[in-house]
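See structure below.
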Amino acid sequence: MALQEKDIEESDYFKSLASRNRLEASKYALQAVEASQNINNLGTVKANLNAVSLIKLQNRSAYRQQAWNVLQKQPDSRAKVFLLINLAKVDRERQIQHLKNAVLSASTIGDKSRFYLFAFGAFGRNLRATSRL
62 MALQEKDIEE SDYFKSLASR NRLEASKYAL QAVEASQNIN NLGTVKANLN AVSLIKLQNR
122 SAYRQQAWNV LQKQPDSRAK VFLLINLAKV DRERQIQHLK NAVLSASTIG DKSRFYLFAF
182 GAFGRNLRAT SRL
């Protein structure tokens, strides 16, 4: 019985610690978004996507939109392909659009085969998953 109580206490402690760490991570993610606000580069997109994964539901759409606005203006690159795929993971409404853009961006960069296949694979996995619904 004492062992179970100790396990429960430890569990509660670690849950509390995880909650504090998540709050702190959210704070830093929002600071990164704020710091990158006037830069509008791929770092801005990463900051916004980090914020999307850490903050409350009602605020996510603004960060997704900011990430999309910046990505549209960026030249095609490997980083852009990965960020479009990551954006597709958190933006269900425009998921297909983001994955199509990832495929298009991947097809225009020099190292086409690897990144094209990566983007196209993400697109295919998405289509397969949505067809099961």
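Residue numbering for the sequence shown is 62 to 194, as defined by the working numbering.
The C-beta atom is built at its ideal place from N, Cα and C for all residues, glycine as well.
Residue j beta carbon less than 7 Å from that of residue i
i	j	result
Ile-152	Arg-125	In the sequence as presented, Ile is not what sits at residue 152; that position holds Asp. Yes, these two residues count as a Cβ contact at 7 Å.
Ala-90	Asn-120	no
Asn-101	Val-131	yes
Asn-99	Ala-128	no
Asp-137	Ile-116	no
Ala-140	Leu-103	yes
Asn-187	Leu-160	yes
Neighbour flag for residue i against chain B, beta carbons, 7 Å
i	result
Asn-147	Chain labels in this structure do not include chain B; a single protein chain is all it has.
Near the ligand ADP: residue i beta-carbon under 6 Å from a heavy atom
i	result
Ala-167	Only the bare structure without any ligand can be found here, which leaves the ligand ADP out of the picture.
**OP:** Would you check if the region 69 to 78 and the region 94 to 106 touch, i.e. whether three or more CB-CB distances between them fall below 8 Å?
**Re:** No, the region 94 to 106 is not in contact with the region 69 to 78.
Original post:
Which whole runs of the alpha helix (DSSP H) in the region 111 to 184 are 4 residues long or more, in chain order?
Top reply: Segments of the alpha helix (DSSP H) lying fully in the region 111 to 184: 121 to 134, 139 to 151, 156 to 169.
Original post:
Are the region 134 to 147 and the region 179 to 189 touching, with three or more C-beta to C-beta distances below 8 Å?
Top reply: For the pair of segments examined, the region 134 to 147 was found to touch the region 179 to 189: the number of CB pairs separated by less than 8 Å reaches three.
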